[in-house]
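Just below is one structure, and these are the notes that go with it.
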Amino acid sequence: MFKTLSLLLCASAACAKPTILKRQDVAGEVVPDKYIVQLAPNAVLDDKLIQKLKVESGIKVNKTTSFNLDGLKGFTVKANDSAIDSLAEYSSLISVEPVTVIRAAIIPRQATSGTLVAKDGTWGLDRVSHRSWTYTSRDFPENKTEYIYNSAAGVNTVTYVVDTGIYTAHSDFGGRASYGANFITTEGPEDKNGHGTHVAGTIGGTKFGVARRGKIISVKVLNINGTGDLSGIISALDWINKDVAANKATRRGSVVNMSIGASFSQTLNDATNALANAGILVVVAAGNSATDASTQSPASATGACAIGSMSYYNSANTYSNFGPKVALHAPGFRVRSAGIAGPNAVAELSGTSMASPHVAGVGAYLMSFSTSYTGSNLCKRMQQFATRNQLKKDDGSALGNNTPNLIVWNTATKPR
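Reading the sequence shown from the start, the letters are residues -16 to -1, 1 to 400 in mature numbering (1 follows the signal peptide of the UniProt record, and there is no 0).
This is the structure we're talking about:
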């Protein structure tokens, strides 16, 4: 009889059966006939298991997309619904869920392209470095560009930008941005969309960025259209986890920024939590659906630091997701940063995608002062440091929905 220790069939009612979700069980858009399978902690993905699945269930395993994040183990399969049903009898599986489509968390509107004080920053940098903010006009604050920051500004930190790639030759990066991994097989590592470059500029650009001395690594998971899928994201987080472990001794800290969003996925949340448990700060966009962030991933993950979007007139943007899963708010409306049209290009974008990198940058900035700032612990510290009770809804009413009224602050004080 053919047996393998990797996967055991459930032979009695006492066996725990895996949770199996079909396309109709998830709220978001799914990739047809593509599923992600999570293995039990003691199970092993080997050639015998792959052959067993193929023979008994007709399921083809994509071994190149297998992952193992500190005990969170699994792989991606191509299979129809009937084949997936057969996995219900395998006790060494924890869950099976459809691969959902992941998108950049940007709103459709796109516009043009010691303590220091910089006068050529952006309104977002001005806002995150000042407690007091009296600007209430709806006119764009062209002159609100004073950024107060400590000269350490992210030194010896690395931020992974999980996005569309980065235009690393942009002058604002000063050679501090590099390619890490690419999980879009139909494209090269370069940024063909612009979203990732803009995000990276806000995190660590010399002019547009918060952590101006930190390094940035591109992990490409979204294509030219700003879309990817769950399997690519999980593989990317697996790669990041291993890269951080291999380089931990040389850094003061590591940050991940995911300005992306999708429908709720327990697997994506588990992977996000695994990184946070490894001491990595994981900052994510809260999402632009004007709904409770608990319904979306990775914003709903316990280990995620989910960021809502605000405008320059102290208003939480109407598109920004809300609720107690939102940790902080940051500038996300009409944010200027690096573009991809050339080495000096500027782009202006809006969305929680733009809010998240402000906080990722502040996280890297704070890590350059203390190695005790790690993972979700640092998100909690940023909540403690935050500017409180200055935000309202666009109509002037209170935020409501148990949404924290907190604006990220980099803790810098202007020299006297």
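Ideal Cβ placement from N, Cα and C applies to all residues, glycine included.
- D110 is classed as buried because its beta carbon has at least 16 other beta carbons within 10 Å across all chains shown.
- For Q280, DSSP records a beta bridge to S247.
- Of the other Cβ atoms in all chains shown, 16 or more fall within 10 Å of the Cβ of K36; this residue is therefore buried.
- Per DSSP, the continuous alpha helix (DSSP H) segment holding I217 begins and ends at L214 to N231.
- By the beta-carbon neighbour count (other beta carbons within 10 angstroms, threshold 16), V228 is buried.
- Beta-bridge annotation (DSSP): R87 is paired with T211 and G245.
- Residue environment: V146 is assigned as buried (16 or more neighbouring CB atoms within 10 Å of its CB, all protein chains considered).
- K57: member of the beta strand (DSSP E) spanning L56 to K62, first to last residue.
- Per the DSSP secondary-structure output, F51 pairs in a beta bridge with G58.
- Partner residues in the beta bridge of K18, as assigned by DSSP, are K62.
- Between the alpha carbons of T3 and Y151 lies a distance of about 41 angstroms.
- Apart from sequence neighbours up to five positions away, the residues of its chain that approach I168 with a beta-carbon distance below 6 angstroms are K204 and N207, ordered along the chain.
- Contact between T129 and G105 holds, with the beta-carbon distance rounding to 5 angstroms and staying under 8 angstroms.
- Non-local beta-carbon contacts of K309 in its own chain, meaning distances under 7 angstroms to residues more than five positions away in sequence, involve A277, S278, A283, S284 and A290 in chain order.
- About 6 angstroms separates the CB atoms of H342 and G108; that is less than 8 angstroms, so the two are in contact.
- By the C-beta criterion, the region 321 to 341 is judged to be in contact with the region 261 to 272, since at least 3 inter-stretch pairs fall below 8 angstroms.
- Within the model, the alpha-carbon separation for T181 versus E73 is close to 45 angstroms.
- No Cβ-Cβ contact shorter than 8 angstroms links V61 with V15.
- Between Y349 and A137 a beta carbon distance of about 6 angstroms is seen, short of the 8 angstroms cut, so the two are scored as contacting.
- Bounds of any alpha helix (DSSP H) do not take in R122, whose DSSP letter is neither H nor E.
- Under the 10 Å beta carbon count, T118 is surrounded by fewer than 16 other beta carbons and is classified as exposed.
- Residue range A161 to N166 is occupied by the beta strand (DSSP E) that includes G164.
- Going by C-alpha positions, E171 is about 36 angstroms away from A300.
- The three-state secondary structure of G180, taken from DSSP, is helix.
- When C-alpha distances from V142 are compared across N394, M351 and L390, the shortest belongs to M351.
- Within the region 286 to 369, the complete beta strand (DSSP E) segments of 3 residues or longer fall at 288 to 294, 310 to 315, 319 to 322 and 330 to 333, listed in chain order.
- Under the three-state reduction of DSSP output, N394 falls in the coil class, being neither helix nor strand.
- The Cβ-Cβ distance between S50 and A67 does not fall below 8 angstroms.
- Our two residues, T256 and D379, have alpha carbons roughly 34 angstroms apart in a direct line.
- In the DSSP assignment, I34 is bridged to no other residue.
- Nearest to D213 by C-alpha distance, out of D175, L252, N241 and G178, is L252.
- Listed in chain order, the non-local C-beta contacts of I324 below 6 angstroms within the same chain comprise Y151, D175, G178 and T181, local neighbours out to five positions each way being set aside.
- If you draw a straight line from the Cα of Q368 to the Cα of L390, it comes to about 9 angstroms.
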